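Residue numbers (this note's numbering), protein chains in the order written: chain A, 203 to 412; chain B, 203 to 412; chain C, 203 to 412; chain D, 203 to 412.
Worksheet for the structure shown next.
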């Protein structure tokens, strides 16, 4: 993403740039990860990366459009089954973009953590999350158990998001991170901040910090 | 590999792109690694990187062609001695492409593991392996003892592949990973997935997980 | 920064190149980090990255100018609140450029260190710091407690810099590194040297070295 | 180094490509590292990177030429004080190129190792070292104590190289790696192989392997 803030580019072009940036950071290998942005709110339409697409060679033809039930309404290709989670986040949070990264550190940490959440506090980087004013903020990121029944998982997610109105993200166990923002640049910023912080947590544990 | 799925490029051009991508990921330093794709099935012909080629500057002139006995039939340069292993995989699995990466983590883990295999289970990333439908899948990757007698090693490999029809890959101890796919994009996807997962296993062990 | 030494480029262009280089190294994710260079000494004018700017897509329009009180005097955008720290460093050290990076390792180490400083000695890389003639040099990098009241933090910093005239840098706890130089290339060199050395310290601790 | 084997490029151009590649790999930050290649054998002339040059922006104007006593004979800029070590290696080994990298892992390992050498054996990657035929090879890399008196250090080095005719490299403690080859591509290959293997050794130790 040379310039994710460029207001002149199409939503598809901006999704491609965002996806390629996250892939370059190593967070979307082997066709993992999926990325979406809201095209219209009423009726709800999301541009989203198609299932099984290689993110290193992502192009606009790999972006499809889904409706409020995560059904394909435009483009060639199958929307990812995880489109249900993207739609659930957009509905619950009014997000303009949703990004799912799949990094080594979030995979390692959700495997190594027994609890249903990972809390991060005291780091300056937290101030980059929307609405956070101080490094003393504690961000508690819920961990959902991974599952293949996406509509059911989306239902669980709706419950979690309703109970945690302040959460900026959630994790799927041994799977990865979902975060979002009011627009794509904010969502990219949140992804970079949270992936950075989970790497900090992981490396701190390797130094014997809990 | 800007677009490993591009059906218009020649097999050599696509092998070059695949090799350069894997090199950029740090999995093919110091002329290590070798990469092949099937040119014809009958008679069997494999395009394969020549021995001793620098992968960061890989070009089509570095691709040679071998027959079903791993003998050079086209191009300048010596086929890698490991061409015997590529041929054995193609025959056993009907693969369209075979990739051998040589990463730090597979080297570390095959040294640190006494057993004859490394099992990986419970990770979403496993679903990217062909035919795998759920993260609950257990992938058992056999470790072969390294050797310099390639025809003999190829014989051992044939035995292992026959006994493990579901395996998507194998490791050579203190040496690296071999994986394959029905075509080059699938083989690249498998390489990225498995290298990702071995990094997860390695970093998890550094956190004290077994 | 293809050539940070290029005397023909404008200060803004050189700041952009420096910022993009540090971002590529992974030390300025999620709009973190800020970078400045002196435009004039009397009256004091600093070119500095605006607040909240994505460093991967940094361009000259993202550079603003501030005065000796860190107030905006030119450009669109808000100067970072941390401009107060940049000004304090310029006044205390006569620096020509100040760079604030925000890396995983400085975040991890300032969290894991109880003391008010991290001392580094015996490494050849230290010789790249201005005025250091031997690897036997000991560089003691003070750690300031992080805070959101920037004028107050700038005051604390002035005290620390006055007490430690030989220091080439300081750390903010769970936040990152500040370093500087007589010009931008020297500041970039110092940032690379210190980030390298903190990674060395961090990885040494993960091997059980204190 | 897009193609270090390209016989058509000048020695300076090839040194620039080699240096930029090693910098991209993270082994030459903050102006550290220096790289040389033999221009003529009689009289002995080495092209070598000038002292204090930023390797990310390395260009042909940064390459100078020295004689058999490491004195400047051509170009603008001061040859690195370490040119004495390059000359000593060329004389002792008949090398065509000498590369000095300065990586995190060689710095960490030479600090963490009490002994005067690090031995590496059993890895396939060793076969990429000139003359090595099997992974069962043991490469013993001597560690010299770092010093600022370069002619004296060069004298110590001559003694070590005479005693260890099979060594492909040496380390300076808390400083970095020197390796060489009959030509620049071989030297680059050796640098990549040895940096890879030291990373393997370092990460293995972080898993509790000695």
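Glycine included, C-beta positions come from ideal geometry on N, C-alpha and C.
Everything numeric in this text was worked out from a predicted model, so none of it was measured.
Contact with chain D is absent for residue 359(B), since none of that chain's Cβ atoms lies less than 7 Å from the residue's Cβ. For residue 367(D), the three-state secondary structure derived from DSSP is coil.
No Cβ-Cβ contact shorter than 7 Å links residue 379(B) with residue 312(B). By the beta-carbon neighbour count (other beta carbons within 10 angstroms, threshold 16), residue 276(C) is exposed. Rounded to the nearest angstrom, the gap between the Cα atoms of residue 402(B) and residue 376(B) is 18 Å.
For residue 314(B), at least one C-beta of chain D is nearer than 7 Å to its own C-beta.
At a C-beta separation below 7 Å, residue 380(B) has no neighbours in chain A, since its nearest C-beta there lies roughly 16 Å away. Note on geometry: alpha-carbon atoms of residue 366(A) and residue 301(A) lie some 19 Å from one another. Only 394, 395, 398, 401, 402 from the stretch 392 to 403 of chain B bring a Cβ to less than 7 Å from some Cβ of chain A.
When the Cα atoms are used, residue 258(D) and residue 237(D) turn out to be separated by approximately 13 Å.
Setting aside the 5 residues that flank it on each side, residue 241(B) is surrounded in the same chain by 213, 247, 248, 249, 267, each with a C-beta closer than 8 Å to its C-beta; the list follows chain order. By the neighbour-count criterion, in which a residue is buried when 16 or more other Cβ atoms sit within 10 angstroms of its Cβ, residue 235(B) is buried. Residues of the stretch 335 to 349 of chain D whose Cβ lies closer than 9 Å to any Cβ of chain C, in chain order: 348, 349. Taking the beta carbon of residue 222(B) as reference, no residue of chain A falls within 7 Å; the closest one sits roughly 11 Å away. Within chain D, no residue has its CB atom less than 8 Å from the CB of residue 353(C), the nearest being about 32 Å off.
With fewer than 16 other Cβ atoms from the protein chains shown falling within 10 Å of its own Cβ, residue 280(C) counts as exposed.
Contact between the stretch 330 to 343 of chain C and the stretch 214 to 226 of chain D is absent, with fewer than three C-beta pairs closer than 8 Å. Chain D places no beta carbon closer than 7 Å to that of residue 253(B), leaving this residue out of the contacts. Rounded to whole angstroms, the separation of the alpha carbons of residue 294(A) and residue 364(A) is 7 Å. Assigned with DSSP and collapsed to three states, residue 239(C) falls in strand.
Taking the Cα positions, residue 348(C) is about 18 Å away from residue 229(C). Boundaries of the beta strand (DSSP E) around residue 268(C): 265 to 268.
Here residue 264(C) is buried, its C-beta having at least 16 other C-beta atoms within 10 Å.
Taking the beta carbon of residue 233(D) as reference, the chain C residues within 7 Å of it are 330, 391, listed in sequence order. Under the DSSP assignment, residue 382(D) falls in the beta strand (DSSP E) whose first and last residues are 378 to 383.
The beta carbon of residue 254(A) sits closer than 6 Å to the beta carbons of 233 from its chain, once the five residues preceding and following it are set aside; these are given in chain order. A contact between stretches requires three or more CB pairs, one per stretch, nearer than 8 Å, and the stretch 351 to 360 of chain C fails this requirement with the stretch 320 to 335 of chain C. For the stretch 268 to 341 of chain D, the full-length beta strand (DSSP E) segments reaching 3 residues or more read 274 to 276, 299 to 303, 319 to 323 along the chain. The three-state secondary structure of residue 375(C), taken from DSSP, is coil.
Residue 306(B) has a beta carbon lying within less than 7 Å of a beta carbon in chain D. Distance from the CA atom of residue 399(D) to the CA atom of residue 306(B), rounded to whole angstroms, is 8 Å. For residue 374(B), the chain D residues whose C-beta falls within less than 8 Å of its own C-beta are 326, listed in chain order. Excluding five sequence positions before and after residue 391(C), the CB atoms of its chain that fall closer than 8 Å to its own CB belong to 330, 383, given in chain order.
For residue 393(A), the enclosing alpha helix (DSSP H) has its first and last residue at 386 to 408. Proximity of residue 408(A) to chain C, defined by a Cβ-Cβ separation below 7 Å, is satisfied. Going by beta carbons, residue 406(B) and residue 310(A) fall inside the 7 Å limit.
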